[in-house]
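Residue numbers (this note's numbering), protein chains in the order written: chain A, 1 to 109; chain B, 110 to 218.
Structure (structure tokens):
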């Protein structure tokens with residue numbers, strides 16, 4: 001098949017430390033789908049990248065910042081972060097984020 | 110906040126008929142996040158568009174085709190469909206797909 005299929009259960013999480021794990025799911029040059037699992041209290045430190053990103057909360061509750069503003073996101077909530085803006089998150093209740101990037105994150109594979 | 114936040118519970122589904130409903134969540138010019146809910150047996154007819162798409166199964170089970178090949182996807186499974194390739198789906202067990210498009214789908218708003 002020309003589309004890239006990723007069966008979730010075949011892909012183990014990679015432990016990033018600090019209560020954060022990541023697994024890269026389906027991708028091509030234009031899009032990359034990534035799950036990031038957080039323990040309560042774990043932090044995704046503020047960072048920037050040229051990729052535009054959307055984050056969809058699969059489970060849990062998160063404080064999510066873009067520049068100097070923060071929102072609280074729960075299951076089903078989502079945010080699109082424009083290219084180059086500083087963003088980060090703190091996990092309030094254990095959960096999983098689905099991050100989708102355009103273009104794909106070459107640094108993740 | 111410069112990111113676009115979408116709180117899921119504030120956004121109603123739009124009934125597309127045939128057991129399919131859609132709601133557009135967060136987006137900007139580069140990315141658009143969309144939930145599509147299917148009753149069992151409902152069909153997302155084969156179609157094409159220039160946008161690159163990833164589909165992540167939030168719930169349910171789906172037969173998903175790209176060109177003349179099909180796969181069965183369950184919760185957490187995902188697929189990236191390159192620009193311009195014919196693709197479609199048949200819902201095997203009631204569920205919801207998360208579709209992310211790059212660039213955004215102007216025809217959806």
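All C-beta atoms, glycine included, are put in the ideal place defined by N, C-alpha and C.
Cβ-based neighbour list, residue i, same chain, cut-off 7 Å, excluding 5 preceding and 5 following
i, result
"residue 16 of chain A", "22"
"residue 67 of chain A", "85 and 86"
"residue 18 of chain A", "42 and 43"
"residue 212 of chain B", "138, 139 and 160"
"residue 99 of chain A", "34, 36, 53 and 55"
Contacting residues, own chain, Cβ-Cβ under 6 Å from residue i (five flanking each side not counted)
i, result
"residue 137 of chain B", "113"
"residue 26 of chain A", "4, 6 and 33"
"residue 199 of chain B", "152 and 172"
"residue 101 of chain A", "32, 51 and 53"
Per-residue contacts from residue i into chain E (C-beta, under 9 Å)
i, result
"residue 186 of chain B", "Among the protein chains of the structure shown, namely A and B, there is no chain E."
Cβ shell of residue i (< 8 Å), same chain only, five flanking positions each side left out
i, result
"residue 122 of chain B", "130, 131, 132, 144 and 146"
Legend entry - Whole alpha helix (DSSP H) elements within the region 2-88 of chain A, 4-residue minimum: none
Legend entry - the region 115-125 of chain B / the region 71-85 of chain A touching (three or more Cβ pairs under 8 Å): yes
Inset, instruction - Report yes or no: do the region 78-98 of chain A and the region 145-154 of chain B share at least 3 C-beta pairs separated by less than 8 Å? - result: no
Legend entry - Contacting positions in the region 50-72 of chain A - beta carbon closer than 7 Å to chain B: 52, 54, 56, 66, 67, 69 and 71
Inset, instruction - Using a Cβ-Cβ cut-off of less than 9 Å, list which residues of the region 190-212 of chain B approach chain A; keep chain order. - result: 190, 191, 192, 194, 196, 207, 209, 210, 211 and 212
Legend entry - Cβ-based contacts, 7 Å cut-off: residues of the region 122-154 of chain B near chain A: 134, 135, 136, 137, 139, 140 and 142
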